[in-house]
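K.L.:
Its first residue numbered 2, the sequence shown is counted upward by one per residue in our numbering. We treat Cβ as the ideally placed atom computed from N, Cα and C, and that holds for glycine.
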Amino acid sequence: MSDQIRVRFAPSPTGYLHVGGARTALFNWLLARRTGGVFVLRIEDTDRERSSGEMTQAILDGMTWLGLTWDEGPFHQADGLDRHKGDVARLLEQDAAYRCFCTPEELNAKREQLKEEYRYDRACYHIPRDESERRAAAGEPFAVRFRVPEGETAWDDEVHGDTRFRNESIDDFIVLRTDGTPIYNLAVVSDDIHMRITHVIRGDDHIANTPKQILLYQAMGAAVPRFAHLPMILGPDGKRLSKRHGATAVGQYAEQGILPQAMNNFLALLGWNPGGDVEVMGMDELAERFSLERVNKKSAVFDTAKLEWMNGQHIALTPAEELLPLVAPVLVRDGLIAEAEVDTRREWLLRLVEELKIRGRTIHEIAGHARTYLVDEVEEYDEASVAKHWKNAADVDQRLADVREGLSGVDPWTPEGIDAALRAAADKAGVGFGKLAQPLRVALVGQAASPGIDFVVHTLGREGALRRIDRAREKLAAMQGP
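#1: Using 7 Å as the threshold, is the C-beta distance between VAL1 and ARG469 below it?
#2: Does the distance from the CB of PRO232 to the CB of SER292 come in under 7 Å?
#3: How big is the Cα-Cα spacing for LYS240 and GLU309?
#4: So, helix, strand or coil for ASP158, using DSSP?
#5: Closer than 8 Å by C-beta to ASP72: which residues in its own chain qualify, once you throw out the five before and the five after it? Chain order, please.
#6: What residue range is occupied by the uninterrupted beta strand (DSSP E) comprising PRO75?
#7: Should LEU27 and ASN265 be called a contact, given that it needs their Cβ atoms to be closer than 7 Å?
#8: From THR65 to LEU357, what distance separates their C-alpha atoms?
#9: Under 7 Å Cβ to Cβ from SER386, same chain only, skipping five residues before and after it: list those, please.
#10: Report all residues from its chain with a CB closer than 6 Å to the CB of THR199; omit the five preceding and five following residues, and keep chain order.
#11: Which ranges does the beta strand (DSSP E) cover as unbroken runs of at least 3 residues, wholly within the region 114-153, from first to last along the chain?
#12: Give me whichever residues DSSP pairs with GLY252 in a beta bridge.
#13: Between which two residues does the beta strand (DSSP E) containing VAL8 stretch?
#14: What would DSSP say about PRO183, mapped onto helix, strand or coil?
#15: Using only the alpha-carbon positions, how far apart do ASP158 and ARG9 sit?
#16: Taking 8 Å as the threshold, find out whether the region 43-55 comes into contact with the region 77-87 through three or more Cβ pairs.
#17: Are the beta-carbon atoms of VAL160 and VAL296 separated by less than 7 Å?
#18: Taking the C-alpha atoms as reference points, what is the distance between LEU21 and GLY204?
#19: According to the Cβ coordinates, are LEU18 and ILE60 closer than 7 Å?
#20: Any beta carbon of chain B sitting closer than 7 Å to that of VAL302?
#21: Kindly indicate which residue of ILE215, ARG120, ALA110 has the alpha-carbon position closest to the one of PHE228.
#22: In whole angstroms, give me the CA-to-CA distance for LEU287 and ALA269.
#23: Looking only at its chain, what residues have a beta carbon closer than 6 Å to the beta carbon of GLY418, apart from the 5 residues adjacent to it on each side?
#24: Grouping DSSP H, G and I as helix and E and B as strand, with all else coil, what is TRP273?
#25: Any idea what DSSP makes of LEU92, helix, strand or coil?
#26: Would you mind stating whether PRO261 and GLY68 have Cβ atoms separated by less than 7 Å?
#27: Report, in whole angstroms, the separation of the C-beta atoms of LEU351 and ALA371, which I expect to be a contact under 8 Å.
#28: Looking only at its chain, what residues have a beta carbon closer than 6 Å to the beta carbon of GLY258, apart from the 5 residues adjacent to it on each side?
#29: For LEU375, collect the residues of the same chain with a Cβ closer than 8 Å to its Cβ; drop the 5 residues on either side in sequence, then sort them by chain order.
The following block contains the structure:
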């Protein structure tokens, strides 16, 4: 086996790229990147009835979105059919496999009779070779079964350590169907040998396949790769993650405003402990730190709130230039800005996104905060903020009148000029800056929480700020009554 580590991600194109598969791909990718190895992408599409080109493309799109670039591939398992059949023929030649002429009806009758105690009785194993070949040549349908030897099959799992199966618990399993197509275990082993895979990293749900595959490696005279079985991903209820827990396909998280670097960071921590207190990491740091030795045996819980928190951390670390192409389509879709304005107002939008990025956990939340600055008027005044900061309506109205007068004279319209005008208005009212800024903030954005007041006023522009102050004063007048 080569000294260079070669890993593979081998999804079946019968569905989208789901969270569990994405994490498996990520762990393989991280190991390859840390060790200078090779990451191979293989599409396991031998199940022609359930496989589709649409799902294959969806998987490739999901991988591309995550940034999990492959070094070789994508290869298609179905293209190896002749090699698979050749491997089965060699197993037959060396008596490691045999033809099984039992019909489905015969096998079902035995299963029905023996129930839980059913095991294939090797009835066809005892057919003499010349008779078996004669019946096959005559066109009698047959499958091919692997002859499981006595003893036990063991391996040192990179996650679970010493793992053993008694061979007597394994039926003589089929490797080739009656229609001449290979069974999963045979095709996987044949492909992994052909692609010189050194490490097989996959989910715990494959552990039962591993002893069968090791037996096939040995029968084919090939080196057995290292195996690492990752813990399952569970929902908050402790059950295997599924659609009932919400989105499970990575494409859905992209649509929900999750960044790919945040998804990778989150997935990496589902079952892997980097050591220390660090949690927020980019791809380079993940690859530098990753090791199979620190993968946990215990199942990991998918916590959507933790994913959103992680996403918020990555959004805050991402330059506005990278966020704007993600935020702008949401603003256009919601009718808040014309597509042509994305270019003409680019600098303004960049300043807005830069200020708002620390306030959103998703791209959609940032777009939601941006809405305040793109509509003509405050759409809703927060009742609690109004009750707290507009309590004395007459005094607040006078302060807003002073602010309006001061802002009307700011020229040029700069944050510094705005700040000076606001502080002059506070001095005129004889109040601290906060006593003026908070009522003004409610007037401008409808609530008491926002970016710095200078930024808010400057971003709304003179016309927009004065219009909102006028609208707020109308509301204050109504609160005072006749």
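P.N.:
Taking the definition as stated:
#1: Limits of the chain in this structure are 2 at one end and 483 at the other, which puts residue 1 out of reach.
#2: PRO232 places its beta carbon 7 Å or farther from that of SER292.
#3: The alpha-carbon atoms of LYS240 and GLU309 are separated by roughly 21 Å.
#4: strand
#5: ALA33, VAL39, PHE40, VAL41
#6: 73-77
#7: Inclusion of LEU27 and ASN265 in the CB contact set at 7 Å is warranted, their separation being smaller than that value.
#8: When the Cα atoms are used, THR65 and LEU357 turn out to be separated by approximately 28 Å.
#9: Same-chain partners within the cutoff: VAL443, GLN448, ALA449.
#10: If we look at THR199 and ignore the five residues flanking it on each side, its Cβ neighbours are MET2, ILE6, ARG7, PRO226.
#11: 144-147
#12: None, per the DSSP bridge assignment.
#13: 7-10
#14: Three-state result, PRO183: strand.
#15: C-alpha separation (whole angstroms): 17 Å.
#16: yes
#17: yes
#18: For the sequence presented, residue 21 should be read as Gly rather than Leu. Distance between the alpha carbons of GLY21 and GLY204: 8 Å.
#19: yes
#20: In the structure shown, chain B does not exist; there is a single protein chain.
#21: ILE215
#22: If I take the Cα positions, the gap works out to 8 Å.
#23: VAL411
#24: strand
#25: helix
#26: yes
#27: The Cβ separation is near 12 Å, so there is no contact.
#28: THR363, ILE364, HIS365
#29: If the five residues before and after LEU375 are omitted, its C-beta is found closer than 8 Å to the C-beta atoms of LEU332, LEU337, ILE338, all from its own chain and listed in chain order.
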